[in-house]
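Accompanying notes for the structure given below.
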Amino acid sequence: MKSTRRQFMMTSAAGLASMGLASTASAQAMVAETDAQAIALGYNANSAKVDVAKFPKHKADQFCNNCALYTAKGADNGACSIFPGKLVAGQGWCNLWVKKA
Ligand code: SF4
Numbered sequence: 002m003k004s005t006r007r008q009f010m011m012t013s014a015a016g017l018a019s020m021g022l023a024s025t026a027s028a029q030a031m032v033a034e035t036d037a038q039a040i041a042l043g044y045n046a047n048s049a050k051v052d053v054a055k056f057p058k059h060k061a062d063q064f065c066n067n068c069a070l071y072t073a074k075g076a077d078n079g080a081c082s083i084f085p086g087k088l089v090a091g092q093g094w095c096n097l098w099v100k101k102a
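Residues in the sequence shown are numbered from 2 upward in steps of one, following the working numbering.
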């Protein structure tokens, strides 16, 4: 079967489009501070902005990236077993913070 230039271009375009969709689907979403669970746990992507009147356990040196439940994916964010399938900010905090051993 002889392949035409038009067939080649259409096949290439379809391949590139599917690669774009695949990379979008594999990117994990960040936990939104507006998620019901995030609100209940006082999660804030910026630890410095935690309402200490509401969450008196919070200390200024506590961040997701020094919490025992944080698994780094990169410098700025990582996975947390409390929020499966999503990423938390390395500089974030929630009321379940536990000192990393
Ligand atoms: S459990 Fe730890 S890593 Fe997970 S959101 Fe709370 S402070 Fe961040």
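Note that beta-carbon positions come from the ideal geometry of N, C-alpha and C, so glycine has one too. The structure displayed is predicted, hence computed values, not measured ones.
Remark: C-beta atoms of Leu70 and Asn78 do not approach each other more closely than 8 angstroms.
In this chain, the alpha helix (DSSP H) harbouring Leu42 covers Ala37 to Leu42.
Note: Ala80 is bridge-paired with Thr72 and Leu88 in the DSSP secondary-structure output. With respect to the 8 angstroms criterion, Phe64 and Gly91 are classified as neighbours on the basis of their beta carbons. A straight-line Cα-Cα distance of about 10 angstroms links Trp98 and Ile83. If you check the C-beta of Leu88 against ligand 1, you find no heavy atom less than 7 angstroms away. Any heavy atom of ligand 1 counts here; residues with a Cβ closer than 6 angstroms to one of them, in chain order, are Tyr44, Cys65, Cys68, Leu70, Tyr71, Cys81, Ile83, Val89, Gly93, Trp94, Cys95, Leu97 and Trp98.
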